[in-house]
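S.K.: I have a structure here, written as structure tokens, and I will follow up with some questions on it.
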Amino acid sequence: MERRVVIIGAGISGLLACKYLVKKGFDPVVFEADDRIGGVWNHTIRSTKLQNAKEGFRFSDFDWPASVQETFPSHTEVLDYVESYAQRFNLYPYIKFHSRVISIDYVGESFEEMKTWDLWGGTGTAFGSKGKWHITVLDTETNATKVHQAEFVILCIGRFSGLPNIPELPPNYCSEVFDGKVMHSMEYSDMEKSAAAELIKGKRITIVGSQKSAVDLAVECAEANGVKHPCVMIQRNPHWLLPGDGFLISHIGYLYFNRFAELLVHKPGQNILYWLLATVLSPLRWGISKFSEIYLQWKCPLKKYGLVPRHSFLEDMSSCQIGMLPDKFYDKVEEGSILIKRSQSFRFCKEGLMVGGEDKLISSDLVILATGYKGDQKLKNIFRSSVFQNYLVSSPTSIIPLYRQVIHPRIPQLAVMGYTEGLANLPAFEIRCQWLVHLLDGNIKLLSIGAMEKDTARWEIHMKRYGGRNFWRSCIGTTIIWYNDQLCKDMNCNPRRKKGFLAEWFQPYGPTDYARLTDQKH
Numbered sequence: 032m033e034r035r036v037v038i039i040g041a042g043i044s045g046l047l048a049c050k051y052l053v054k055k056g057f058d059p060v061v062f063e064a065d066d067r068i069g070g071v072w073n074h075t076i077r078s079t080k081l082q083n084a085k086e087g088f089r090f091s092d093f094d095w096p097a098s099v100q101e102t103f104p105s106h107t108e109v110l111d112y113v114e115s116y117a118q119r120f121n122l123y124p125y126i127k128f129h130s131r132v133i134s135i136d137y138v139g140e141s142f143e144e145m146k147t148w149d150l151w152g153g154t155g156t157a158f159g160s161k162g163k164w165h166i167t168v169l170d171t172e173t174n175a176t177k178v179h180q181a182e183f184v185i186l187c188i189g190r191f192s193g194l195p196n197i198p199e200l201p202p203n204y205c206s207e208v209f210d211g212k213v214m215h216s217m218e219y220s221d222m223e224k225s226a227a228a229e230l231i232k233g234k235r236i237t238i239v240g241s242q243k244s245a246v247d248l249a250v251e252c253a254e255a256n257g258v259k260h261p262c263v264m265i266q267r268n269p270h271w272l273l274p275g276d277g278f279l280i281s282h283i284g285y286l287y288f289n290r291f292a293e294l295l296v297h298k299p300g301q302n303i304l305y306w307l308l309a310t311v312l313s314p315l316r317w318g319i320s321k322f323s324e325i326y327l328q329w330k331c332p333l334k335k336y337g338l339v340p341r342h343s344f345l346e347d348m349s350s351c352q353i354g355m356l357p358d359k360f361y362d363k364v365e366e367g368s369i370l371i372k373r374s375q376s377f378r379f380c381k382e383g384l385m386v387g388g389e390d391k392l393i394s395s396d397l398v399i400l401a402t403g404y405k406g407d408q409k410l411k412n413i414f415r416s417s418v419f420q421n422y423l424v425s426s427p428t429s430i431i432p433l434y435r436q437v438i439h440p441r442i443p444q445l446a447v448m449g450y451t452e453g454l455a456n457l458p459a460f461e462i463r464c465q466w467l468v469h470l471l472d473g474n475i476k477l478l479s480i481g482a483m484e485k486d487t488a489r490w491e492i493h494m495k496r497y498g499g500r501n502f503w504r505s506c507i508g509t510t511i512i513w514y515n516d517q518l519c520k521d522m523n524c525n526p527r528r529k530k531g532f533l534a535e536w537f538q539p540y541g542p543t544d545y546a547r548l549t550d551q552k553h
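Under the working numbering, the first residue of the sequence shown carries the number 32, and numbering increases by one thereafter.
As structure tokens, this is what we get:
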């Protein structure tokens with residue numbers, strides 16, 4: 032049987048999948064809609080920086096260049112680093128640029144037959160079925176479409192791009208009644224930097240949102256216009272954001288990203304001993320979260336500006352909502368070039384916006400919606416089959432069920448990379464790609480479909496327990512070592528990656544701890 036593999040997307044997860052496939056002797060084809068690699072890093076605003084210290088956001092076998100001195104590199108430095116990785120491992124020959132995948136369709140097996148399968152793909156292997164994927168690709172330069180075939184597809188399309196989440200408002204209060212310009216932060220990020228600077232210069236700007244993109248945009252607008260035209264932020268639910276210096280950011284790995292820290296958290300599939308330990312140690316878990324909140328309220332003027340979140344620091348950590356504050360954010364708030372309005376609702380009018388409970392107009396020339404993306408819908412839309420679409424998004428109260436956060440138990444010969452989040456995505460993507468290549472090479476024996484579905488259900492319960500209302504983000508940030516242990520065991524690798532008892536239990540785990548897993552003997 033042929034083993035043709037198609038990768039959709041040449042962002043970080045797509046490049047990692049390509050690199051490890053090539054290393055195992057595969058000859059993948061990577062379809063990329065843009066004219067360069069890097070994914071979401073090609074669509075950022077001028078001031079965007081890495082959200083992690085660079086030591087925790089690196090390829091396991093390719094370090095940052097010595098020329099990058101900043102702890103949190105700029106988006107251009109991240110792009111240069113990713114491009115250097117692709118050059119170092121000769122990945123460019125496998126990438127077809129200007130190739131937008133319109134849809135994928137599985138043919139060769141009937142849905143009635145697939146419903147009778149006890150094992151994934153009928154045999155429990157990546158290439159055991161007689162089915163194939165038909166991939167419809169649009170050449171964005173010639174506008175021609177072509178259907179390609181492959182035995183396996185890896186979706187690396189990301190969830191924070193492509194399909195913006197636009198708030199739905201009643202007709203009398205929607206953006207149509209506003210005389211100014213309304214855009215999503217995605218559109219602004221896609222603009223040339225000079226054009227974006229010209230757009231915001233001298234404008235009265237309102238930003239709707241409270242996540243990282245919103246605060247970055249607010250600082251950029253405040254720097255352009257100062258107190259003469261202050262940038263107004265409308266926030267519904269503020270989040271815990273970390274300043275780039277101080278105790279918490281320099282010690283967060285010791286508080287949350289080591290084995291001992293994970294003992295404090297109930298984990299999917301744990302035995303009774305781990306469950307009892309997490310229960311007994313729950314006051315310590317609460318205390319660490321509360322300490323983090325008190326520290327941030329001491330470090331930043333959160334109470335003064337009504338920006339103390341209603342939820343715990345642990346909830347933001349567990350739903351991957353923790354972000355870095357841009358430099359001088361609160362300086363801009365103090366001087367009056369950023370004004371913050373906290374409201375559960377807003378509506379448009381002719382001259383600007385009104386927020387719930389207030390009659391005072393927020394006069395605006397430009398409104399930027401930093402309201403996130405519809406990642407689930409984006410993933411669902413790429414499938415032609417309504418059956419597969421329903422498998423992915425069966426209910427608004429459920430996550431997309433991926434076994435090992437990579438494969439859907441009922442969708443054969445397909446993997447999804449980069450959907451489930453971690454607090455440092457690059458190393459999380461890398462170990463998943465190593466696991467996937469082991470699976471494609473026939474070195475992992477999967478559970479039955481029913482057993483995999485029970486496992487995904489356990490992870491969903493965990494995400495709802497700790498992620499709260501933001502469980503849908505499918506974050507495994509506070510159980511990443513436990514999760515990586517499962518992958519290592521599947522690959523017949525030792526999950527204990529440190530040297531010595533104290534290091535194993537108390538040192539933060541990082542990217543280099545999981546280097547060269549595909550090289551280990553079975």
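Ideal Cβ positions, reconstructed from N, Cα and C, are used throughout, including at glycine.
This structure is a prediction, so every number in the text was calculated from the model and none was measured.
In the stretch 84-124, which residue ranges form an unbroken beta strand (DSSP E) of at least 3 residues, counting only runs that do not cross its ends?
M.R.: Considered as a whole, the stretch 84-124 harbours no complete run of any beta strand (DSSP E) with no fewer than 3 residues.
S.K.: So, does the stretch 395-403 touch the stretch 204-221, judging by three or more C-beta pairs under 8 angstroms?
M.R.: yes
S.K.: Give a yes or no on whether the C-beta atoms belonging to LEU194 and GLN465 are separated by under 8 angstroms.
M.R.: As a first step, residue 194 must be located in the sequence shown, where it is residue number 163. As a first step, residue 465 must be located in the sequence shown, where it is residue number 434. Not in contact: LEU194 and GLN465 (Cβ atoms no closer than 8 angstroms).
S.K.: Taking the alpha-carbon positions, what's the GLU182 to GLN444 distance?
M.R.: Walking along the sequence shown from the start, residue 182 turns up at place 151. Walking along the sequence shown from the start, residue 444 turns up at place 413. Cα-Cα distance, rounded: 7 angstroms.
S.K.: Along the beta strand (DSSP E) that carries ASP136, what are the first and last residues, could you check?
M.R.: Residue mapping note: residue 136 aligns to position 105 of the sequence shown, counting from 1. Segment 130-138, the beta strand (DSSP E) holding ASP136.
S.K.: Using DSSP with H/G/I as helix, E/B as strand and the rest coil, what is MET634?
M.R.: In the structure displayed, the chain extends from 32 to 553; residue 634 sits before or after that span and is not available.
S.K.: Near LEU333, what residues of its chain come up, given a Cβ to Cβ distance below 6 angstroms and the 5 sequence neighbours on each side ignored?
M.R.: Counting from one through the sequence shown, the residue named residue 333 turns up at place 302. If we look at LEU333 and ignore the five residues flanking it on each side, its Cβ neighbours are VAL339.
S.K.: Quick test of the definition: if touching needs 3 or more C-beta pairs under 8 angstroms, does the stretch 130-143 touch the stretch 158-178?
M.R.: Taking 8 angstroms as the limit for Cβ pairs, the verdict is that the stretch 158-178 does touch the stretch 130-143.
S.K.: Are three or more beta carbon pairs between the stretch 345-354 and the stretch 493-510 nearer than 8 angstroms?
M.R.: yes
S.K.: Determine which residues share a DSSP beta bridge with HIS297 and list them.
M.R.: Along the sequence shown, one-based indexing puts residue 297 at 266. Paired residues: none, contrary to the question.
S.K.: Between which residues of its own chain and VAL424 is the CB-CB distance below 6 angstroms, once the five residues before and five after are set aside?
M.R.: Sequence index remark: in the sequence shown, residue 424 carries index 393 (1-based). Cβ neighbours of VAL424 beyond the five flanking positions: ASP407, LYS411.
S.K.: Going by C-alpha distance, which of GLY508, LEU384, ALA292 is nearest GLU346?
M.R.: Taking the sequence shown and counting its residues from 1, the one referred to as residue 346 is at position 315. Across the set GLY508, LEU384, ALA292, the C-alpha of GLY508 shows the shortest separation from the C-alpha of GLU346.
S.K.: Given SER374, which residues of its chain have a CB within under 8 angstroms of its CB, disregarding the five upstream and five downstream residues?
M.R.: Within the sequence shown, the letter at position 343 stands for residue 374. Around SER374: ILE265, GLN266, ARG267, VAL386, GLY387, GLY388, GLU389.
S.K.: Distance, Cα to Cα, HIS282 vs GLY499?
M.R.: Start at 1 with the first residue of the sequence shown, and residue 282 comes out as number 251. Start at 1 with the first residue of the sequence shown, and residue 499 comes out as number 468. Roughly 25 angstroms separates the two Cα atoms.
S.K.: Quick one: residues in its chain with C-beta nearer than 8 angstroms to the C-beta of ILE231, no 5 flanking neighbours on either side, listed in chain order?
M.R.: Here residue 231 refers to the residue found at position 200 of the sequence shown. Hits under 8 angstroms: GLU251, CYS252, ALA255, ASN256, LEU397.
S.K.: Under 8 angstroms Cβ to Cβ from ARG554, same chain only, skipping five residues before and after it: list those, please.
M.R.: In the structure displayed, the chain extends from 32 to 553; residue 554 sits before or after that span and is not available.
S.K.: Which stretch, first to last residue, makes up the alpha helix (DSSP H) that contains ARG504?
M.R.: Along the sequence shown, one-based indexing puts residue 504 at 473. Premise fails: ARG504 is in no alpha helix (DSSP H) and is neither H nor E.
S.K.: For a test of the three-state rule: what should DSSP assign to ARG316, helix, strand or coil?
M.R.: In the sequence shown, counting from the first residue as 1, residue 316 sits at position 285. DSSP places ARG316 within a helical segment (H, G or I) once states are collapsed to three.
S.K.: Excluding the 5 residues preceding and the 5 following ARG547 in the sequence, name in chain order all residues of the same chain whose CB lies nearer than 8 angstroms to its CB.
M.R.: As a working mapping, residue 547 is identified with position 516 in the sequence shown. So the list reads SER91, ASP92, once near-sequence residues are dropped.
S.K.: Is THR173 near the ligand COA, in the sense that its beta carbon is under 7 angstroms from a heavy atom of that ligand?
M.R.: This structure simply doesn't include the ligand COA, nor any ligand for that matter.
S.K.: Using DSSP with H/G/I as helix, E/B as strand and the rest coil, what is THR176?
M.R.: As a working mapping, residue 176 is identified with position 145 in the sequence shown. It is a strand residue.
S.K.: Could you give the residue range of the beta strand (DSSP E) that holds ALA41?
M.R.: Taking the sequence shown and counting its residues from 1, one reaches residue 41 at position 10. Here ALA41 belongs to no beta strand (DSSP E), and DSSP marks it neither H nor E.
S.K.: Could you name the residues that DSSP lists as bridge partners for ARG378?
M.R.: Along the sequence shown, read from residue 1 onward, the residue named residue 378 stands at position 347. Note: ARG378 sits in a beta bridge opposite MET385.
S.K.: Given a threshold of 16 other Cβ atoms within 10 Å of its Cβ, counted over all protein chains shown, does THR487 qualify as buried or as exposed?
M.R.: Position 456 of the sequence shown holds residue 487. Flag for THR487 reads buried.
S.K.: Have a look at VAL364 and PRO261 and give me their C-alpha separation to the nearest angstrom.
M.R.: Position 333 of the sequence shown, counting from 1, holds the residue named residue 364. Position 230 of the sequence shown, counting from 1, holds the residue named residue 261. Spanning the two alpha carbons is a distance of roughly 9 angstroms.
S.K.: May I ask you to verify whether the stretch 535-546 touches the stretch 453-462, counting CB pairs closer than 8 angstroms and requiring at least 3?
M.R.: The stretch 535-546 is in contact with the stretch 453-462.
S.K.: Residues in its own chain within less than 8 angstroms of HIS74 by CB, not counting five upstream and five downstream?
M.R.: As a working mapping, residue 74 is identified with position 43 in the sequence shown. The answer, listed in chain order, is SER192, MET217, SER220, ASP221.
S.K.: Thinking SER634 and ASP136 are a contact (beta carbons under 8 angstroms), I'd like their distance in whole angstroms, please.
M.R.: Not covered by the structure: residue 634. The range shown for the chain is 32 to 553.
S.K.: Once DSSP output is grouped into helix, strand and coil, what is the label at TYR450?
M.R.: Sequence index remark: in the sequence shown, residue 450 carries index 419 (1-based). Coil at TYR450, not helix or strand.
S.K.: Exposed or buried, what is ASN523 when buried is set at 16 or more other beta-carbons lying within 10 Å of its beta-carbon?
M.R.: What you label residue 523 is simply residue 492 of the sequence shown in a count that begins at 1. So ASN523 counts as exposed.
S.K.: I'd like the list of long-range same chain contacts for PHE419, defined as Cβ closer than 6 angstroms, with 5 residues on each side in sequence excluded.
M.R.: Start at 1 with the first residue of the sequence shown, and residue 419 comes out as number 388. Correct list, in chain order: ILE442.
S.K.: Taking 6 angstroms as the limit between beta carbons, can you name the residues of its chain near CYS519, skipping five residues before and five after?
M.R.: As a position in the sequence shown, residue 519 is number 488, starting the count at 1. Closer than 6 angstroms at Cβ, skipping near neighbours: PRO526.
S.K.: For the 8 angstroms Cβ check, are there 3 or more pairs between the stretch 153-163 and the stretch 368-384?
M.R.: no
S.K.: Would a C-beta distance cut-off of 8 angstroms place ILE511 and GLY449 closer than the cut-off?
M.R.: Position 480 of the sequence shown holds residue 511. Position 418 of the sequence shown holds residue 449. Against a cut-off of 8 angstroms, the Cβ pair of GLY449 and ILE511 comes out as no contact.
S.K.: Consult DSSP for ASP58 and reduce its assignment to one of helix, strand or coil.
M.R.: In the sequence shown, the residue the question calls residue 58 occupies position 27. Note: ASP58 maps to coil in three-state DSSP.
S.K.: Quick check on the DSSP output: what are the complete alpha helix (DSSP H) runs of length 4 or more inside the stretch 183-235, in order along the chain?
M.R.: If you keep only unbroken alpha helix (DSSP H) runs of at least 4 residues inside the stretch 183-235, you get 216-221, 224-231.
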